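K.L.:
Numbering (this note's numbering), first residue to last: 4 to 563.
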């Protein structure tokens, strides 16, 4: 064992051992967290000795040390039981997003638990959803309002639900599978939800066992439908994927919700026949052994259909599909999809809003069915990269800090590069009001299309202006593209300068994509708007600098 800066590895070993001893005691508190939505950081604070946490905090999680220490912590949180590969993903995620340990735990720990909560309440994260829906589902569960989730599947004349049924209908070719599916759907459409659930649960039982190919040593449902039961197939999928987005979607969103749902469906838990306590949801043993006495509701059948859809998509297809003549996607097909979708998006008006899925569906509708689930990610990334080479940025930043879903369904804004950079100088000095000592009287803000931002502010000193603070940061090319697009539109609108006395002034200099320059000026009182968007607010929301003056929109009247 390595020394992680604790003055000796023995101290760390003892801390790890004490944490492992606490793992069993944490189980009921994890359940309590699910029920009451308690943050994971609070659980750590309440359940673990502060001295132990302090010891671990001393350790520096850097470079290869994270993987080594992660192995020692394996078992504390059952969610992360994908051995070295999962921890390599954590390292990859941290490096790609430049997250600290606390930030990673907060962002991804909460995401996993949200998705597990969905599964424990009957809902697997859907491939038709995006982050907004996933967050809304979780909030609906907390508010005991499952109707809001059902609406996602049934709105627009059941668009999502009918798509799921249509997709499944094409998959079930073998006589037995087709027989159960058709009878289940017939009963569902006739509002006979008990019969529909019986057929669909039986089909799900057959399909998940066929596709997962559980090791023979795993015999019981409680073993199958757990993290360990799916470890082999998760490992294979993890090693086969080079996409960060795919790894995140599979292993932080879908699998946590899917395993929780299947455990609830197949494992009796406290609801054994002997106890006489019937579960308040569909359970395989109860419904297929003639023990269910309550009425099965429509939404429960929708849950089963959603589960079938995701299991077929995530776990893959068996060989019978290919035997029936379904042709896989070729590299030429992929190139056509990427080229045509990128061309469509490139021709959209500036600030258009759409998704990759919509674009592909419009230009290549006959190829969508050929796309394997894992190929969505590669095609999506290739389209984004193709457009960036044309100076067209797809802005997904509205999804920052939200639970992620399938990138295929994430809506984005299209921004065509018009400016290389913009510099805004805000002069806050008032001639008839002396500034307080150490109060900034001038700010300089430069935003580059690359996503780099430079900031400095000035104070008065001995009658002159001297720099007080200088900052350089990166906001990413997506947020930068959005800001520069709106600034360019404002410049192109040729606004009349807003003038006022003794409130300060702003000057803005922009460099266009062709290298030409243009300047604007005005009074530091805000009111700089374009297409109903207040640029003061728009810029401040995307650049994390406190007291950013910009065009002065936040200045309030002060008593003289």
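Where is the CB? At the ideal position from N, CA and C, for every residue including glycine.
Predicted, not measured: the structure shown is a model, and the values here were computed from it.
Is the beta carbon of residue 452 sitting closer than 8 Å to the one on residue 423?
P.N.:
It is a contact, given that the beta carbons lie within the stated cut-off.
K.L.:
Excluding sequence positions up to five away, which residues of its chain have a Cβ less than 7 Å from the Cβ of residue 385?
P.N.:
Excluding sequence neighbours, residue 385 sits near 341.
K.L.:
So residue 294 and residue 208 are supposed to be a Cβ contact under 8 Å. How far apart are they, rounded?
P.N.:
Residue 294 to residue 208, Cβ: 16 Å. No contact.
K.L.:
From the DSSP output, in three-state form, read off residue 471 for me.
P.N.:
Looking at residue 471 - three-state DSSP - the assignment turns out to be strand.
K.L.:
Under three-state DSSP, which class holds residue 287?
P.N.:
In this structure, residue 287 counts as helix in the three-state DSSP scheme.
K.L.:
Between the beta-carbon of residue 545 and the beta-carbon of residue 551, is there less than 8 Å?
P.N.:
Contact flag unset, no.
K.L.:
Identify the continuous beta strand (DSSP E) that holds residue 394 and give its terminal residues.
P.N.:
Residue 394 -> no beta strand (DSSP E), and no H or E assigned at all.
K.L.:
Applying the 10 Å Cβ sphere with the 16-neighbour rule, what's the burial state of residue 239?
P.N.:
Classification of residue 239: exposed, given that the 10 Å Cβ count is below 16.
K.L.:
Taking 8 Å as the threshold (C-beta atoms), are residue 273 and residue 564 in contact?
P.N.:
Given that the chain is displayed from residue 4 to residue 563, the structure contains no residue 564 and the question cannot be resolved.
K.L.:
Looking at residue 489 and residue 448, is the spacing between their C-beta atoms short of 8 Å?
P.N.:
Cβ distance not < 8 Å, so residue 448 and residue 489 don't count as in contact.
K.L.:
So the alpha helix (DSSP H) residue 427 belongs to, where does it begin and stop?
P.N.:
Unbroken run through residue 427 is the beta strand (DSSP E), 422-430; no alpha helix (DSSP H).
K.L.:
Give me the Cα-Cα distance between residue 197 and residue 307, rounded to the nearest whole angstrom.
P.N.:
Cα to Cα, residue 197 sits roughly 12 Å from residue 307.
K.L.:
What does residue 509 pair with, by DSSP beta-bridge criteria?
P.N.:
Residue 509 pairs with 429 and 525.
K.L.:
Look up residue 180 in the DSSP assignment and say whether it is helix, strand or coil.
P.N.:
DSSP places residue 180 in helix when its eight states are reduced to three.
K.L.:
Do the CB positions of residue 519 and residue 511 come within less than 8 Å of each other?
P.N.:
Against a cut-off of 8 Å, the Cβ pair of residue 511 and residue 519 comes out as no contact.
K.L.:
Sorted by chain position, which residues of the same chain lie with C-beta nearer than 7 Å to residue 124's C-beta, five sequence neighbours on each side aside?
P.N.:
Taken in chain order, the residues that qualify are 144.
K.L.:
Kindly identify the DSSP beta-bridge partner or partners of residue 356.
P.N.:
Paired residues: 416.
K.L.:
Determine the DSSP secondary structure at residue 462, reduced to helix, strand or coil.
P.N.:
Reduced to three states, the DSSP call for residue 462 is strand.
K.L.:
Can you tell me where the beta strand (DSSP E) with residue 449 in it begins and where it stops?
P.N.:
Taken as a continuous stretch (DSSP letters only), the beta strand (DSSP E) holding residue 449 covers 445-451.
K.L.:
Where does residue 556 fall in DSSP's three states?
P.N.:
It is coil, neither helix nor strand.
K.L.:
For residue 270, which residues of its own chain have a beta-carbon under 8 Å away from its beta-carbon, when the five flanking residues on both sides are left out?
P.N.:
Closer than 8 Å at Cβ, skipping near neighbours: 224, 225 and 228.
K.L.:
Say whether the region 159-174 touches the region 309-317, bearing in mind that this needs 3 or more beta-carbon pairs closer than 8 Å, one atom from each stretch.
P.N.:
Taking 8 Å as the limit for Cβ pairs, the verdict is that the region 309-317 does touch the region 159-174.
K.L.:
Measuring only the C-alpha atoms, how far is residue 139 from residue 152?
P.N.:
Distance between the alpha carbons of residue 139 and residue 152 is about 8 Å.
K.L.:
Would you please state the rounded distance, in angstroms, between the beta carbons of residue 506 and residue 526? I believe it to be under 8 Å.
P.N.:
Confirmed, about 5 Å.
K.L.:
Can you tell me whether DSSP reads residue 532 as helix, strand or coil?
P.N.:
Of the three classes helix, strand and coil, the one that applies to residue 532 here is strand, per DSSP.
K.L.:
Ignore the nearest five residues each way along the sequence and tell me which others in residue 555's own chain have a CB closer than 6 Å to its CB.
P.N.:
So the list reads 527, 528 and 529, once near-sequence residues are dropped.
K.L.:
List the whole-angstrom C-beta distance separating residue 429 from residue 445, where the pair is believed to meet the contact cut-off of C-beta under 8 Å.
P.N.:
That pair is a contact at about 7 Å.
K.L.:
To the nearest angstrom, how far is it from the Cα of residue 150 to the Cα of residue 172?
P.N.:
Approximately 26 Å, taken between the alpha carbons.
K.L.:
Could you compute how far the alpha carbon of residue 304 sits from the alpha carbon of residue 553?
P.N.:
Spanning the two alpha carbons is a distance of roughly 54 Å.
K.L.:
Rounded to whole angstroms, what is the Cα-Cα separation between residue 500 and residue 427?
P.N.:
Taking the straight line from one Cα to the other gives about 15 Å.
K.L.:
For residue 470, count neighbouring Cβ atoms within 10 angstroms of its own Cβ and tell me buried if that reaches 16, exposed if not.
P.N.:
Per the 10 Å Cβ criterion, exposed.
K.L.:
Taking the alpha helix (DSSP H) that residue 215 falls in, what are its first and last residues?
P.N.:
Start and end: 196-215.
K.L.:
Using 8 Å for Cβ pairs, my map puts residue 456 next to residue 476. What's the rounded Cβ distance?
P.N.:
Going by Cβ atoms, the distance from residue 456 to residue 476 rounds to 5 Å, so yes, they are a contact pair.
K.L.:
Inspect the beta-carbon positions of residue 214 and residue 348 and report whether they are closer than 8 Å.
P.N.:
Not a contact, by the Cβ cut-off of 8 Å.
K.L.:
Go ahead and pull the three-state DSSP assignment for residue 502.
P.N.:
Coil.
K.L.:
Assign residue 193 to buried or exposed, taking buried as 16 or more other Cβ atoms, counted over all protein chains shown, within 10 Å of its Cβ.
P.N.:
Label assigned to residue 193: exposed.
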